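Just below is one structure, and these are the notes that go with it.
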Amino acid sequence: MCGIAGILSLKADLPPTPIEVLSRMAATIEHRGPDEFGVYRDARIGLAHSRLSIIDLATGQQPLSDVDERFWLVFNGEIFNYVELRAELVALGHRFRTKSDTEVIVAAFKQWGRAAFSRFNGQFAIALWDPAKQELTLARDWSGIRPLYYMEHKGRLYFSSEVKAIFAASDELPRAFDAEGLEETFTFWSSVPPQGVFAGVRDLPPGRVRTYSASGVEEQAAFEHAYPRSRDEEFRGSLDDAVVAVRDALNEATRLRMLRADVPVGSYLSGGLDSSLVAAMGKRAKGEGFQTFSLRFEDAEYDETEFQRMMVNHIQSEHHELVVSRKSIAE
């Protein structure tokens, strides 16, 4: 989990964003990426990144550009099929300086434009700047796993992984709750994108690409889903065939997430069916040394320690528990 932030001048006569402002924004989301801080700045835009190192620890710093410095990128997330995409792009003539999935994003956008996003198997929030075209592209994965918020105020666009980083940019930014956003939060536990909890702050919807250019602002879908369009395209196998197909898909998805990282990767285990399934598949993919993590609640009504430990004993993981009290939740 990394953190991204930035400010784009929507008017040409505005002064460049001070580095101090970008640093202040990044500092508020340092908990998302405590390993490194990076910044890119030109006359119109400032990009900041707080990095949690997962892939290519040595050379995967951000903001990152392609070898020609045509594009600049800050990115929160992970592209799980970056190895296959990189091989395809190398065959098309692209050169790489790093082994990171971040550089694959830049090369893919350079090759395929917005169509690149539908090729990504992963979770991401992306801000990509094209200095030549003076064009900013914001994109979010189709499940909305990685957050991306934005706000326009007095000729500037502010964006970040968290709302508080936007507010950290300037005391002049209005801070007021949005009644509709609050109502949705109390109803659904979260506001429904693009609605936000704060007035003027928008939440980029999952699977959307938003572009700021000289011709204005454009937003469109980033993905083409391969859902059956008719009964002729529906799955025709037996129930047993369907079980095998789903199991194989889950195993492959888990394998990619567990093995394509340059740091140890574990799994949260709640004691429920879904996390238990992922933990079992993760253990199978990772083997010895696989770690699981759980929360124990002092309140017996919410505690599922019995089921968590049952699963730990079954898969023989290296388990870690953290006890949560009412006091710690309040704090």
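Per the numbering used here, residue 2 is the first one in the sequence shown, and the count goes up by one each step.
Every residue, glycine too, gets a C-beta built ideally from N, C-alpha and C.
Small disclaimer: the values here were computed from a predicted structure and weren't measured.
I'd like to check one pair, residue j with residue i: are the Cβ atoms closer than 8 Å?
i, j, result
"GLU352", "GLY290", "Nothing about residue 352 can be read from this structure; the chain reaches only from 2 to 332."
"GLN309", "SER295", "yes"
"ARG157", "LEU260", "no"
"PHE160", "ALA128", "yes"
"GLU136", "SER239", "no"
"ILE65", "THR18", "This sequence places Leu at residue 65; Ile is not what is there. Their beta carbons are not under 8 Å apart, which means LEU65 does not touch THR18 by this criterion."
"GLU163", "GLY4", "yes"
Going by alpha carbons, who is nearest to residue i out of the options?
i, options, result
"ASP43", "GLU21, ARG33, GLY283 and PRO132", "PRO132"
"ARG96", "ASP102, ASN122, VAL68 and GLY273", "VAL68"
"GLY197", "ARG176, ARG211 and GLY208", "ARG176"
"VAL22", "LYS12, PRO35, CYS3 and ILE46", "ILE46"
"GLU253", "ASP233, SER277 and ALA286", "ALA286"
"GLU173", "PHE38, PHE187 and LYS155", "LYS155"
"MET152", "ARG211, SER277, LEU257 and PHE121", "ARG211"
"LEU86", "PHE121, GLU70, ALA250 and ALA116", "PHE121"
"LYS100", "GLU305, GLN62, PRO16 and ARG71", "GLN62"
"GLY7", "LYS165, THR293 and LYS328", "LYS165"
So, helix, strand or coil for residue i, using DSSP?
i, result
"ALA243", "helix"
"ALA200", "coil"
"ASP291", "Checking the displayed sequence, the identity of residue 291 turns out to be Phe instead of Asp. Of the three classes helix, strand and coil, the one that applies to PHE291 here is coil, per DSSP."
"GLU220", "strand"
"GLU302", "coil"
"SER214", "strand"
"VAL313", "helix"
"MET276", "Sequence check: residue 276 is Ser here, not Met. If DSSP states are grouped into helix, strand and coil, SER276 belongs with the helices."
"GLU319", "strand"
"LEU270", "coil"
"LEU11", "coil"
"ILE146", "coil"
Does the beta-carbon of residue i have 16 or more other beta-carbons within 10 angstroms, so that it is buried, or is it exposed?
i, result
"LYS134", "exposed"
"PRO148", "buried"
"GLN221", "exposed"
"MET311", "exposed"
"HIS50", "buried"
"GLY273", "exposed"
"ASN77", "buried"
"GLY217", "exposed"
"GLU299", "exposed"
Quick check on residue i - is its C-beta less than 8 Å from some C-beta in chain B?
i, result
"LYS155", "In the structure shown, chain B cannot be found, because there is only a single protein chain."
(request) Mind listing, in chain order, the continuous alpha helix (DSSP H) runs of no fewer than 4 residues lying wholly within the stretch 13-95? (result) 20-29 and 83-92
(request) Report the residue ranges of all beta strand (DSSP E) runs contained in full by the stretch 151-175; include only those spanning at least 3 residues, in chain order. (result) 157-161
(message) Restricting to runs no shorter than 4 residues, where is the alpha helix (DSSP H) found entirely within the stretch 88-139?
(response) 102-113
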